[in-house]
Amino acid sequence: MTRLSLSNLALAWAVLLACFALVTIPSVIQVVQAGPDEYFDNSYLLSSGNAFYVLIFIAPAVVALSHLMKVMYLNAAKETFLAGAVLLYALLAAAVSAANHAFHYTLDQSWEQTFQVVNLAAIFGWTDHGVLVGFLQQFAFMFLVAIAVHTLASLQRSWVGWLVDLMLIGLFSASLVTEPLVSVRSWLSEVLVSHSSAPVQIGSCLVAAALLYGIALKVLRRKEL
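According to the UniProt record's numbering, the sequence shown is numbered sequentially starting from 1.
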């Protein structure tokens, strides 16, 4: 099931290549144009590693919206489909985390001799805990995001999905200005993204991912094919 999903992600791979080119080409041009002994304090480059995040958003949406019918024609059980999808997301999260870490510790270090480089893994503090722990932190959050995207995408073929979208937009908007929602949003952001304790952040992401998996499974079982 995972192999089938991987082989049918042409759209996700195409978007990844396009994003990677859009991020990398301007950065290369800036680096080439800069002098060897110059440093630009107020100039920023977006790390090419950030482009890999697009996979975590596109792939689950493609799987949830188009792959389900394909695997059902192969007489696969809904539970088998979702288990395969989750395994795929784990593989993609690991690959994205490894790729972004590789860029952070190689090309980004070189470009930082001339420009300030923006890598989200560093901004969120994941790289502060070393290579292995940082990889696990990034993996856990990417895995959570992938399952969240899958769950939301799986709801979009019914009015319930649109209602959930509106509710989430409303809650997020309210959390920008209204207490106690502001505090709740800040707390969730800290626990799931930037908590100073790596085990807390990793564990929180995995628990949240497990809860979303349960929701996705319930939605899938109720879905008419």
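Beta carbons are placed, not taken as given, at the ideal position from N, Cα and C, and that holds for glycine. Treat the numbers as computed from the prediction; the structure is a model and nothing was measured.
- Going by C-alpha positions, residue 157 is about 49 Å away from residue 113.
- Counting of Cβ neighbours within 10 angstroms places residue 142 among the buried residues, the total reaching 16 or more.
- Contact between residue 206 and residue 82 is ruled out by a C-beta separation of about 17 Å, above the 8 Å threshold.
- Per DSSP, residue 44 is one residue of the beta strand (DSSP E) stretching across 44–46.
- As a beta-bridge residue in DSSP terms, residue 116 pairs with 44.
- Going by DSSP, residue 60 is part of the alpha helix (DSSP H) stretching over 54–62.
- Beyond the five residues adjoining it in sequence on each side, residue 48 comes within less than 8 Å, by CB distance, of 20, 23, 24, 27, 103, 107 in the same chain, given in chain order.
- Its Cα nearest to that of residue 88, the residue 55 stands out among 55, 119, 215, 199.
- The residue from 121, 12, 95, 185 with its alpha-carbon nearest to that of residue 46 is 121.
- Pairing residue 138 with residue 202 gives a Cβ-Cβ distance that is not under 7 Å.
- By the Cβ test, the region 189–202 is in contact with the region 115–135, since at least three Cβ pairs between them sit closer than 8 Å.
- Around the beta carbon of residue 172, fewer than 16 other beta carbons sit within 10 angstroms, so the residue counts as exposed.
- When the five nearest sequence neighbours on each side are left out, the beta carbons in the same chain lying within less than 7 Å of the beta carbon of residue 93 are those of 56, 139, 142, 143, 146, in order along the chain.
- Under the three-state reduction of DSSP, residue 157 is assigned to coil, being neither helix nor strand.
- Nearest in C-alpha terms to residue 164, of all of 174, 211, 176, 151, is 151.
- The beta carbon of residue 65 sits closer than 6 Å to the beta carbons of 153 from its chain, once the five residues preceding and following it are set aside; these are given in chain order.
- Inclusion of residue 118 and residue 53 in the CB contact set at 7 Å is not warranted, their separation being larger than that value.
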